[in-house]
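Asks: As you go down the protein sequences, you meet chains Y and B in turn.
When the letters of the first sequence are read in order and numbered with this note's numbering, they come out as residues 1 to 364.
When the letters of the second sequence are read in order and numbered with this note's numbering, they come out as residues 365 to 666.
One structure, pasted below without further comment.
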Amino acid sequence: MKTPLKTNAKLVSMRDALGQALVDFAPEIPELVVLDADVSHSTKTLGFAKAYPDRFFNVGVAEGNMADIAAGMAACGLRPVINTFSLFLALKCADQIRNTICYNNLPVVLAGAYGGLSDSYDGASHQAILDIAMMRALPNMVVIVPADAAETRQALRLALRRDGPTFIRGCRNETPVIFEGAEPFKIGKARKLRDGKDLTIAACGVPVLMALEAVERLAKDGISVDLLALATVKPIDEAALAASAAKTGKVLAVEEHTIYGGFGGAVAEAVAKHVPAKMDFIGVQDRFTESGAYDALLKKYGISTEAIVAKAKALVGEQPAGAKPGAAKAAVKKPAAKKVVTGRGAAKKSARKPQAKPRGRKRT
Amino acid sequence: MGTLMAPKVEPARILAEKDRGKKATMMQYLAHKLRVDVWDILHEKGTGHWGGASSVAEILTTLYFDAMNVRPQDPRWADRDRLVLSKGHASAILYAVLASRGFFPVEELHTFRQINSRLQGHPCMKDTPGVDMSAGALGHGMSVSLGMAMAARLQKKSYWSYVIMGEGCLDEGQTWEAFMAAAKFKPERLVALIDYNGFQLDGSSDEIMPLGPLFEKFYAFQWNVAPTVFNGHEVRDILRALEWVKMQSSWPVAVIFKTKKGRGISFTEDTHKYHGAVIDDQTYAKGRPELLATLAELEAAL
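If you want it as C-alpha cells, here you go:
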C-alpha cells in the first residue's frame with residue numbers, strides 16, 4: 001500500500017471522527033440509534049443527539065442498563081451504537097455485553113471512547129488498558145482498534161454492516177490521520193506497511209504511528225522491519241502474521257494496553273501456532289498507571305518510538321536486554337526443527353526478567 | 365425416559381374457546397398440568413429449578429394462551445408480542461408452555477438441560493423457538509424489555525413487551541436503573557410483571573433482602589403500578605390483571621402478583637429449599653400425589 005506516514009498529517013481525534021460518522025451514516029441507515037451514558041460531550045455523540053433527537057437516548061450513568069437496552073433494541077431490528085469510556089464499557093457492562101449482546105450475537109456496536117491511556121489526566125481509574133483483553137475473550141465479538149480517525153470511520157461503517165457485535169476502541173486525543181486516502185482496512189486483514197526481513201513489528205491503535213517512526217530509525221541502523229498494522233485484533237490475521245514471522249523469526253507486538261491478554265496475546269497465539277519465533281511485547285506492564293499528559297504517560301509506561309526501537313534491537317540481538325550479546329542471535333539462528341519453541345522462549349524470558357522486575361518493585 | 369401425561373384438553377381447543385369463563389377454567393387446568401410435567405422432567409433429569417418454575421406456571425400459561433399475540437409457526441415474526449423471562453432459572457415451565465403452545469414438540473422437554481439440546485438450563489433465544497431473549501444472570505430483563513418497547517415506538521409498531529421478574533431480579537441494581545430509565549422514556553405497551561413469591565435461593569426475601577414496600581417503590585419510581593395485588597395462581601385474577609393492563613394509557617405499567625414458590629406441593633411451598641434442589645426419587649414420589657389430586661379437581665371442572 002502507499003506510504004501512509006506523512007509528517008504533515010492533520011490531527012483529528014477518533015472520538016470526533018466517530019461522532020461525525022454517526023451523523024453522516026444516519027440518513028442511509030434508518031435503524032441506526034445512539035445511546036450514551038451521560039458522557040456525550042466527551043464521546044462526541046452530542047452532534048448526533050442534536051441532529052437526530054428521536055434516535056438518541058441518554059440513559060444516565062448506568063452503563064450496564066444502556067448495554068441491555070441496546071440489546072433489546074437490536075433484538076427488535078434496530079442498530080444501536082452504545083457509547084461511554086472504554087474502561088466502563090469493558091467492566092461495568094461486562095455481564096450485559098457477554099450474556100446478552102454476545103451470547104445472542106446481537107448487532108450492537110460498542111464504541112469505547114477514551115481507550116488506552118488517552119484519558120490521561122483522569123488517572124488510572126479511567127484509563128482503559130484491559131478493554132482489548134476483555135472484549136477479545138467474548139465469542140461472537142469483533143474487536144477493532146483503529147490507528148487513527150480514518151480507520152475509526154471505516155470501523156463504524158464495517159461494524160454497522162455486521163450481523164453481530166463489534167467493539168471499536170477509540171482515543172480521546174487528536175492524533176495524526178495516517179490512513180487518509182489509503183484503501184480502507186478489511187475485518188480480519190492486516191495491512192503491510194513496510195517490507196523487511198530482520199524483524200516483524202505488529203501494531204494496532206495509536207502506537208502504529210510510533211512503529212512507523214521506529215521502523216525508519218531502525219532502517220538507519222541497518223535493521224529491516226516487516227511492519228504490519230492490524231486494526232482488527234479479533235479475528236486476527238493469522239496468515240499474515242505467520243508468513244511474516246516465518247520470514248523474520250522475530251516478532252514485536254506493539255499496543256497501548258496491558259501486556260497481558262490483549263493484542264500482544266492475540267499475536268503470540270497466532271504466531272505460536274505456525275512458526276517458532278522469538279517475541280517481545282510493547283505495552284503497559286502489570287501495574288496501575290497515573291495522571292499526566294498523554295505523551296508523557298505513554299513514554300513513562302513504555303509505549304514510545306524509543307521503546308519500540310530498543311526492544312526491536314534487543315530482539316534482533318543488537319542490544320540484548322540483560323543477556324550476553326550473542327545469546328539472542330544464537331538462540332534464534334539455531335534451526336527450529338528440533339527445539340521446542342516454548343522452552344526457548346521461556347529461557348529468554350527468564351534472561352530478561354531480572355532486569356525488568358526489580359525496577360518495577362522498587363517503585364511500588 | 366418417561367412419557368408426559370397427555371392433556372385432557374387440547375391446547376388448540378383452549379385457543380379457540382370463545383367463552384372467557386370456560387377458557388379460564390381450561391387454562392387453569394393446563395397451567396397445573398404443565399406444572400406436573402415440570403415436576404416429572406426435573407425428577408427425570410435430576411436438575412432444574414422447581415420453586416420458581418412452579419411459582420410462575422399460571423402467569424406464563426395465561427400470557428401465551430390468551431394475552432400474547434404470537435405465531436408458533438413463525439416464531440421470529442417481527443410484530444409478535446415479546447416476553448422476557450428475566451428470572452431465567454424458571455426455564456422448565458417456560459419450555460413446557462412454549463411446547464404446549466406449539467413452538468416445538470412436547471417430547472423435546474425430555475432433552476431439558478442435556479447435551480446437544482435446544483432447551484438450555486437457562487433460556488437461550490438462539491436455540492429455542494419462542495424464546496424472545498436469553499436470560500440467566502439475573503437483573504437483565506427489565507433493561508432488555510425496555511429496549512424492545514423503545515424499538516417498537518421508534519418503528520411505529522404496536523407489539524407488547526412483557527418482562528417477568530422475581531425477587532432475585534429486584535435485588536439487582538440494574539433493575540432499578542432500568543425502572544428509572546423506563547419512567548424517563550415511557551414507551552407504550554411496556555409491562556413489568558412481578559412474580560412475588562417472597563423467597564429466593566438462600567431464604568425468604570425478608571431475611572435475604574427486604575424489597576418492601578414494593579408498591580411505594582414503583583410509585584416513587586413514577587410507574588403506573590396496578591393498585592391491587594393479584595393472585596398469580598388464579599387464572600381469572602391474572603386475566604383481570606391483564607385486562608387492567610390493556611386499559612392503561614400511562615406507561616410504563618407494573619403488576620404485582622402474589623405467588624407461592626414451589627406452588628402445588630405442601631412441603632415445597634413457601635420455602636427456599638426447593639429453589640434448585642434435585643428432585644430425588646423419594647421427594648418425587650412424596651410430592652406427585654398432591655399434584656395429581658389438584659389436577660383431578662381441575663380436570664373435573666373442565
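The C-beta atom is built at its ideal place from N, Cα and C for all residues, glycine as well.
Computed from a predicted model, the values in this text were never measured in an experiment.
What is the C-beta distance between Val-284 of chain Y and Thr-258 of chain Y, in whole angstroms, given that I count them as a contact (C-beta under 8 Å)?
Replies: About 5 Å; that satisfies the 8 Å criterion.
Asks: Am I right that Phe-476 of chain B and Pro-493 of chain B are in contact with their C-beta atoms under 8 Å? What's the rounded C-beta distance?
Replies: With 8 Å as the limit, Phe-476 of chain B and Pro-493 of chain B do not qualify as a contact, their Cβ atoms being about 15 Å apart.
Asks: Could you check the C-alpha separation between Asp-470 of chain B and Ile-528 of chain B for me, to the nearest Å?
Replies: Strictly speaking, residue 470 of chain B in this sequence is Val, with Asp absent from that position. Going by the C-alpha atoms only, they are around 23 Å apart.
Asks: How about the stretch 485-499 of chain B and the stretch 449-456 of chain B: do they share at least three Cβ pairs that are nearer than 8 Å?
Replies: Yes: the two stretches touch, three or more of their Cβ pairs being nearer than 8 Å.
Asks: Count Cβ pairs between the stretch 218-238 of chain Y and the stretch 81-99 of chain Y that sit closer than 8 Å; are there 3 or more?
Replies: Too few Cβ pairs lie closer than 8 Å, so no.
Asks: Over what stretch of residues does the alpha helix (DSSP H) that includes His-274 of chain Y continue unbroken?
Replies: Note, His-274 of chain Y: alpha helix (DSSP H), 263-274.
Asks: So is Gln-96 of chain Y in contact with chain B if we call contact Cβ pairs under 8 Å?
Replies: Chain B, which has a Cβ nearer than 8 Å to the Cβ of Gln-96 of chain Y, makes this yes.
Asks: Could you please give the first and the last residue of the uninterrupted beta strand (DSSP E) stretch that includes Phe-167 of chain Y?
Replies: Per DSSP, Phe-167 of chain Y belongs to the beta strand (DSSP E) from 166-169.
Asks: Give, in chain order, every residue of the stretch 487-505 of chain B whose Cβ lies closer than 8 Å to some Cβ of chain Y.
Replies: Result list: Cys-488, Met-489, Lys-490, Asp-496, Met-497, Ser-498, Gly-500, Ala-501, His-504.
Asks: Would Gln-484 of chain B pass as an interface residue toward chain Y - the criterion being a Cβ-Cβ separation below 8 Å?
Replies: So no, Gln-484 of chain B is outside the interface.
Asks: Taking 8 Å as the CB-CB cut-off, is Thr-45 of chain Y touching chain B?
Replies: No, Thr-45 of chain Y lies away from the interface with chain B (no Cβ there is under 8 Å from its Cβ).
Asks: Excluding sequence positions up to five away, which residues of its chain have a Cβ less than 6 Å from the Cβ of Ala-556 of chain B?
Replies: Within the same chain, Ala-556 of chain B has close Cβ partners Val-527, Ala-618.
Asks: Going by DSSP, what residues sit across from Asp-526 of chain B in a beta bridge?
Replies: First, the amino acid is wrong: residue 526 of chain B is Tyr here, not Asp. Paired residue(s): B:Leu-447, B:Val-555.
Asks: Quick check on the DSSP output: the beta strand (DSSP E) that includes His-257 of chain Y runs from which residue to which?
Replies: Looking at the DSSP string, the run of the beta strand (DSSP E) that includes His-257 of chain Y is 250-258.
Asks: Of the residues that make up the stretch 66-89 of chain Y, which ones have a beta carbon closer than 9 Å to any beta carbon in chain B?
Replies: Listed by position along the chain: Met-66, Ala-67, Asp-68, Ile-69, Ala-70, Ala-71, Gly-72, Met-73, Ala-74, Ala-75, Cys-76, Gly-77, Leu-78, Pro-80.
Asks: How about the stretch 147-154 of chain Y and the stretch 15-25 of chain Y: do they share at least three Cβ pairs that are nearer than 8 Å?
Replies: The stretch 147-154 of chain Y, when compared against the stretch 15-25 of chain Y, does touch it at the 8 Å Cβ threshold.
Asks: Should Gly-675 of chain B be flagged as near chain Y, meaning a C-beta pair shorter than 8 Å?
Replies: Outside the shown range of chain B, which is 365 to 666, sits residue 675 of chain B, and nothing can be said about it.
Asks: Here's a check: name, in chain order, each residue in its chain whose Cβ is nearer than 6 Å to the Cβ of Asp-280 of chain Y, leaving out the five neighbours to either side.
Replies: The answer, listed in chain order, is Leu-252, Lys-311, Leu-315.
Asks: Using DSSP with H/G/I as helix, E/B as strand and the rest coil, what is Met-279 of chain Y?
Replies: Of the three classes helix, strand and coil, the one that applies to Met-279 of chain Y here is strand, per DSSP.
Asks: What's the call for Phe-563 of chain B, buried or exposed, on a 16-neighbour Cβ count within 10 Å?
Replies: Buried, by the Cβ-count rule.
Asks: Fully enclosed by the stretch 472-555 of chain B, which beta strand (DSSP E) runs are 3 residues long or longer?
Replies: Segments of the beta strand (DSSP E) lying fully in the stretch 472-555 of chain B: 525-529.
Asks: For Phe-179 of chain Y, does the three-state DSSP call read helix, strand or coil?
Replies: The answer is coil: DSSP assigns Phe-179 of chain Y none of H, G, I, E or B.
Asks: Pairing CB atoms from the stretch 125-145 of chain Y with CB atoms from the stretch 70-84 of chain Y, are three or more of them under 8 Å?
Replies: As far as the Cβ criterion goes, the stretch 125-145 of chain Y does not touch the stretch 70-84 of chain Y, which means the pair count is below three.
Asks: What is the C-beta distance between Gly-628 of chain B and Thr-658 of chain B, in whole angstroms, given that I count them as a contact (C-beta under 8 Å)?
Replies: Going by Cβ atoms, the distance from Gly-628 of chain B to Thr-658 of chain B rounds to 6 Å, so yes, they are a contact pair.
Asks: Would you please state the rounded distance, in angstroms, between the beta carbons of Cys-204 of chain Y and Val-108 of chain Y? I believe it to be under 8 Å.
Replies: The pair is not a contact, with the Cβ atoms about 22 Å apart (cut-off 8 Å).
Asks: Tell me the start and end of each unbroken alpha helix (DSSP H) in the stretch 554-635 of chain B that is at least 4 residues and wholly inside, in chain order.
Replies: The stretch 554-635 of chain B contains these whole alpha helix (DSSP H) runs: 569-572, 578-584, 599-610.
Asks: Is the shortest distance between the beta-carbon of Val-33 of chain Y and the beta-carbons of chain B less than 8 Å?
Replies: Yes, contact with chain B.
Asks: Which residue marks the beginning of the alpha helix (DSSP H) containing Thr-200 of chain Y, and which one marks its end?
Replies: Counting along the chain, Thr-200 of chain Y falls outside any alpha helix (DSSP H), though it belongs to the beta strand (DSSP E) covering 199-203.
Asks: At the 8 Å Cβ level, is Ala-100 of chain Y part of the contact set with chain B, yes or no?
Replies: Inspection of the sequence shows that residue 100 of chain Y is occupied by Thr rather than by Ala. For Thr-100 of chain Y, the answer is yes, since a Cβ of chain B falls inside 8 Å of its Cβ.
Asks: Find the nearest neighbour of His-41 of chain Y within the set Y:Gly-292, Y:Phe-85, Y:Lys-10, Y:Glu-31, judged by alpha-carbon distance.
Replies: Comparing Cα-Cα distances from His-41 of chain Y to each of Y:Gly-292, Y:Phe-85, Y:Lys-10, Y:Glu-31, the minimum goes to Y:Phe-85.
Asks: Work out the CA separation of Ala-246 of chain Y and Lys-44 of chain Y for me, nearest whole Å.
Replies: Cα-Cα distance, rounded: 43 Å.
Asks: Within 10 angstroms of its Cβ, does Gln-127 of chain Y collect 16 or more other Cβ (buried), or is it exposed?
Replies: Gln-127 of chain Y comes out buried.
Asks: Spell out a yes or no on whether the stretch 57-71 of chain Y and the stretch 502-522 of chain B are touching, meaning 3 or more CB-CB pairs, one atom from each, closer than 8 Å.
Replies: At 8 Å Cβ cutoff, the stretches touch.
Asks: Can you tell me whether Asn-104 of chain Y is helix, strand or coil according to DSSP?
Replies: In the structure shown, Asn-104 of chain Y sits in coil (DSSP, three-state: anything other than H, G, I, E or B).
Asks: Can you tell which of Y:Val-233, Y:Ala-26, Y:Leu-241, Y:Leu-106 has its C-alpha closest to the C-alpha of Val-508 of chain B?
Replies: The shortest Cα separation from Val-508 of chain B among Y:Val-233, Y:Ala-26, Y:Leu-241, Y:Leu-106 belongs to Y:Leu-106.
Asks: Step through the CB atoms of chain B and report whether any lies within less than 8 Å of the CB of Tyr-103 of chain Y.
Replies: Interface residue, yes.
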